[in-house]
Each structure stands twice: as structure tokens, then as C-alpha cells.
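Residue numbers (the working numbering): 12 to 177. First the structure, in the form of C-alpha cells, and then the observations on it.
Okay, structure coming up:
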């Protein structure tokens with residue numbers, strides 16, 4: 012019961028204009044592109060191999076000692092400042108299967124591949140991190156499990172506040 016109270020308390024702290032973005036289903040890539048009148052850009056920050064942390068390995072039901080490939084990037088709309096900081100975590104087991112395509116997409120958004128002719132299963136949690144409100148999604152796509160984390164940055168919050176209050 013205590014966890015449910017904590018979730019409700021946290022949910023009340025989410026700015027109203029961000030709530031729909033944090034809980035939206037479907038492709039964030041497409042949603043941001045629509046919001047920015049067709050403008051969208053991915054700027055990779057870093058890609059590296061990293062051992063799964065315990066919480067992520069539990070969520071994906073994978074052994075925690077497994078290595079994962081991590082891609083971090085900024086997502087831009089129609090402004091100079093990034094709107095979203097994205098982090099994708101692909102266990103090596105997923106990269107040996109159909110999800111191997113994600114390791115070589117460069118500046119292309121994961122959403123263009125993930126939601127192309129499919130609607131993958133998704134479990135979601137919303138948390139507040141140092142950089143801002145974040146949605147973490149654990150996808151199952153063609154039998155591969157991986158996590159996509161999207162943190163909505165202050166520039167995005169300012170943009171939607173200015174464009175929803177008019």
C-alpha cells in the first residue's frame with residue numbers, strides 16, 4: 012500500500028503539460044516530429060558496452076552479469092536546444108537476434124524502426140531523475156527485450172508550456 016501512495020504522490024508532482032508525454036503510447040519520434048512541424052534530429056552522445064545493472068536486468072528478466080550495448084543521444088525538435096535525452100539499453104542477447112539493426116543506425120531514431128509495421132509490447136515506468144521527468148519503457152520487439160529511457164529536458168517543458176498556453 013505504501014508504494015501506491017508514493018506513486019500517487021509522485022504523479023501529482025508531474026507538471027500537467029508533461030503528463031500526457033510521459034504516459035503516451037506509440038512512437039515518441041513521431042510525436043515529437045508532429046509537434047515540431049516535421050522537424051526532428053537525433054544527435055548521438057555516446058555508444059558503449061556496459062554490464063546490465065541489477066534493476067534493468069530484473070525488469071528484462073535477464074541475468075545481471077550480461078553485457079549490454081548502450082546508446083545515448085539527444086533528440087531535437089524545431090529548436091536549438093535538445094528536447095529529450097534518450098538512453099537505450101540492448102542486452103547482447105537481443106543484439107544477436109533481430110534487434111541487431113539498432114546497433115548500426117547512427118543518427119536515425121530508434122522509433123522509426125521500432126514502430127515500423129509493428130506495435131511492440133511495452134511496460135512503462137515514470138520517474139524523476141536529475142535531468143528531469145523520465146519515462147522508461149521495456150519493449151519486447153520480435154522476441155527481443157530492451158529498455159528505452161527518455162528524459163524530457165527543460166527546453167521541451169518550456170516549449171510545450173509556451174505552445175499550450177496560447
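All C-beta atoms in this analysis are idealised placements derived from N, C-alpha and C, irrespective of residue type, glycine included.
**Report entry** residue 122 in three-state terms, based on DSSP
**Finding:** Residue 122 sits at position 111 when you count from the first residue of the chain shown. Here residue 122 sits in helix by DSSP.
**Report entry** Element boundaries [beta strand (DSSP E), containing residue 157]
**Finding:** Within the chain shown, residue 157 is the residue found at index 146, counting from 1. Taken as a continuous stretch (DSSP letters only), the beta strand (DSSP E) holding residue 157 covers 155–163.
Query raised in the report: Are there 16 or more other CB atoms within 10 angstroms of the CB of residue 161, so buried, or fewer, so exposed?
Result: Within the chain shown, residue 161 is the residue found at index 150, counting from 1. Label assigned to residue 161: buried.
Query raised in the report: Is the segment 66–74 touching the segment 85–95, taking contact as three or more C-beta pairs under 8 Å?
Result: no
Query raised in the report: Whole beta strand (DSSP E) runs in the segment 42–70 with 3 or more residues, listed along the chain?
Result: Entirely contained in the segment 42–70, the beta strand (DSSP E) runs reaching 3 residues are, in chain order, 52–62.
Query raised in the report: Do residue 122 and residue 46 come within 8 Å of each other at the CB atom, strictly closer than that value?
Result: Walking along the chain shown from the start, residue 46 turns up at place 35. Walking along the chain shown from the start, residue 122 turns up at place 111. No, the pair does not count as a contact, with Cβ atoms beyond the cut-off.
Report task. Count the CB pairs spanning the segment 130–149 and the segment 74–82 that are closer than 8 Å, and state whether there are at least three. Result -> no
Query raised in the report: For the alpha helix (DSSP H) that residue 105 lies in, which residues bound it at each end?
Result: Taking the first residue of the chain shown as position 1, residue 105 is located at position 94. Run containing residue 105: 103–106, per the alpha helix (DSSP H) assignment.
Query raised in the report: By Cβ distance, which residues of its chain are closer than 7 Å to residue 53, with the 5 residues on each side in sequence left out?
Result: On the chain shown, residue 53 is found 42 positions in, with the first residue counted as 1. Only 84, 86, 118, 119 and 120 meet the Cβ criterion.
**Report entry** Status (buried if at least 16 other CB within 10 Å, exposed otherwise) for residue 102
**Finding:** For the purposes of this step, residue 102 is taken as residue 91 along the chain shown, with counting starting at 1. Buried.
Query raised in the report: Does the separation of the CB atoms of residue 158 and residue 99 fall below 8 Å?
Result: Looking up residue 158 in the chain shown gives position 147. Looking up residue 99 in the chain shown gives position 88. In this structure, residue 99 lies closer than 8 Å to residue 158 by Cβ.
Report task. Can you give me the Cβ contacts of residue 97 inside the same chain, cut-off strictly under 6 Å, excluding the 5 residues immediately before and after it? Result -> Your numbering for residue 97 matches position 86 in the chain shown. Excluding positions up to five away in sequence, the list reads 84, 86 and 161.
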